[in-house]
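Below: the structure, in structure tokens.
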Amino acid sequence: MGVAMKIKTVFTTKEAARYLGISPSTIYRMEKQGLITSIRTPGGQRRFSRESIERYLQRSQDFEAPQNPSRFKKGDLMVRESVEVYGEGEEKYQGCIFTCTDSTEKDCFDRMLFATNKIYEDKALKVKKGDILFLLNLDSDVLYGPFKAKTDGAKDIVPEAWNGKYPYQVKVERDGQVKVIRGAKKILARMNVSWKDILNKDDADLILDYIKEPDRFNWNRVKTKKPANNNEKPSLEATTLWDYPKQSYGKTPKGNNKYAGVTPAFIIYNMIKRYTEKGDLVVDPMAGSGTTLDVCKEEERRCIAYDIKPPRPDIIQNDARHIPLDDNSVDMIFIDSPYGDNIKYNDHPDNIGNISSEDERFYDELEEVMKECHRILKPGKVLGWLIGDQWVKKKFTPVGFKIYERLCKYFDTVDIICVARRGQTSNTGIWYNRAIRFNFYLRGFKYLFLMRKPLPNLQVSSKRDIKWTHYKR
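UniProt numbering puts the first residue of the sequence shown at 1, with every later residue one more than the last.
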């Protein structure tokens, strides 16, 4: 496979079981029956030498038991090197399944270039030189492979390919004879392997072994239940209703969920995945506990975070009405501003969150922030502004509408998102009962206004020709 490996000579019980394609409990039974011998460490743990395992494999060719490991052998060699257990010096690799259609398959082979779109950007950019790759034709349900990544995954390796529709690309080369699996989707599903995800080494090995000798493939190796992926990221939202069950995601915290008014991290994740690329500069003028910083760091975006009273050292003390950055220098801005004086963020005298949203001065001060955002944002780039309405003492204040009205002075509207509110202090049985008894409503959502800084001298036609597709009902 072109992978440099240092092969171990002594195995643990689990490693020996994996090598033989059987369970650890079967190893113990084999040892009791004298079919295989172990040595013991000073602590009493079993260790199995490669020589003893190879001797057992040789003798087992005449066994008729279903665990007969000799069916994984061809002559004196394992069918695939990948079921070996490697020690220090191992060069790890992972796998990836790229997809194509009948119309794009030929181009993939002619260019020896696999590619995908924005949705699967993360998967493509995780590919490293030497990784094992496969190509799945979604139309014909055929899987081709194996291939090897000739380059790391990157954006626009061949910019003109597919007219720019699939910019996240990797150059590939054949890794031995390319074979074909028909009916691939069912086979991958049976392996619990998804083409949408990056493959770990075990998953890549499963496919490699099946491609080599499908009739001899050991289905007992397939794990029926995979461990939870703690690095899992939120899905990209496709509608204007966004909801996520937790404030954060993944292994590392994003912001501080004990911080008053902490921003849901999935909002920032969705914004930077849609509107920025790796290395772009994101600014949060009202950073709070630093959720934007943490998301950007994980997604390899540069980030500058400011707050009137920073709670952590990597957030710069600054008033959002005066941002110390050059004009047209920022790729994206996110703001989760105060909604009024309902939350005591800090005791700084210039904190806009000390002003009531029933006071017009609140909107005047936030408009100064909008002006600064417009100044530093590059033309054509996007600002996201998260805001909620207020209902207090029998009076409703449409904070969101008032903020949106001011934003429209400086920006064009991309869209308006409704973000479901979770984890708020009023999300209790007592408050639900009060809302029904006293005939009012609890705040169930926030607005996320997605605004774009207009391009200079852009002529927009006042009359547009729109042809609707009408469906039968």
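Note that the Cβ used here is the ideal one computed from N, Cα and C, for glycine as well.
Remark: C-beta atoms of A260 and S248 do not approach each other more closely than 7 Å. Leaving aside the five residues that flank V283 on each side, the residues in its chain whose CB is nearer than 6 Å to its CB run, in chain order, I304, V330 and I333. Secondary structure at V460: coil, using DSSP grouped into helix, strand and coil. In chain order, S23, P24, T26 and I27 place their CB closer than 8 Å to the CB of A17, counting only its own chain and leaving out the 5 sequence neighbours on each side.
In this structure, the straight-line span from the alpha carbon of R473 to that of C418 is close to 28 Å.
With contacts defined by Cβ atoms closer than 7 Å, R443 and G388 form a contacting pair. Within its own chain, the residues whose Cβ lies closer than 7 Å to the Cβ of T291, once the five positions on either side in sequence are excluded, are K254, G255, V262, T263, A265 and I268, listed in chain order. Beyond the five residues adjoining it in sequence on each side, I211 comes within less than 7 Å, by CB distance, of G145, P146, K179 and I181 in the same chain, given in chain order.
Every unbroken stretch of the beta strand (DSSP E) spanning 3 or more residues and falling wholly within the stretch 123-191 is given here in chain order: 132-137, 142-149 and 168-182. Rounded to whole angstroms, K273 and E105 show a C-alpha spacing of 27 Å. Between D152 and K128, the C-beta spacing is below 7 Å. Contact between the stretch 343-352 and the stretch 306-316 is present: 3 or more CB-CB pairs across the two stretches fall below 8 Å. Per the C-alpha coordinates, the member of R452, I53 and S38 positioned closest to Y275 is R452.
Rounded to whole angstroms, the gap between the alpha carbons of K201 and T13 is 20 Å. By the C-beta criterion, the stretch 233-240 is judged not to be in contact with the stretch 351-362, since fewer than 3 inter-stretch pairs fall below 8 Å. If you ignore the 5 residues before and after A287, its C-beta comes within less than 7 Å of the C-beta of L293, A305, Y306, D307 and I315, all in its own chain and listed in chain order. Annotation for A115: the continuous beta strand (DSSP E) segment containing it runs L113 to T116.
By the neighbour-count criterion, in which 16 or more other beta carbons inside 10 Å mark a residue as buried, R29 falls on the exposed side.
Inside the stretch 223-304, DSSP marks whole beta strand (DSSP E) runs of 3 or more residues at positions 281-284, from first to last along the chain.
One thing to note: I403 has its Cβ no nearer than 7 Å to the Cβ of E372. Counting other Cβ atoms within 10 Å of its Cβ, D319 reaches 16 or more and is therefore classed as buried. For Q390, the beta-bridge partners assigned by DSSP are T397. In this structure the stretch 152-163 does not lie against the stretch 137-144, because fewer than three pairs of beta carbons, one per stretch, are closer than 8 Å. Annotation for K278: E300 place their beta carbon closer than 6 Å to its own, counting only its chain and skipping 5 residues before and after. Annotation: R47 to Q33 spans about 17 Å, alpha carbon to alpha carbon. DSSP places Y28 in the uninterrupted alpha helix (DSSP H) bounded by P24 to K32.
Of the candidates Q177, G380 and L208, L208 places its Cα closest to the Cα of M191. DSSP places V369 inside the alpha helix (DSSP H), whose first and last residues are E360 to I376. For the pair G340 and Q390, the CB atoms are nearer than the 7 Å cut-off.
Going by C-alpha positions, F411 is about 6 Å away from P454.
When the beta-carbon positions are compared, K148 and D175 come within less than 7 Å of each other. A204 is not bridged by DSSP to any residue.
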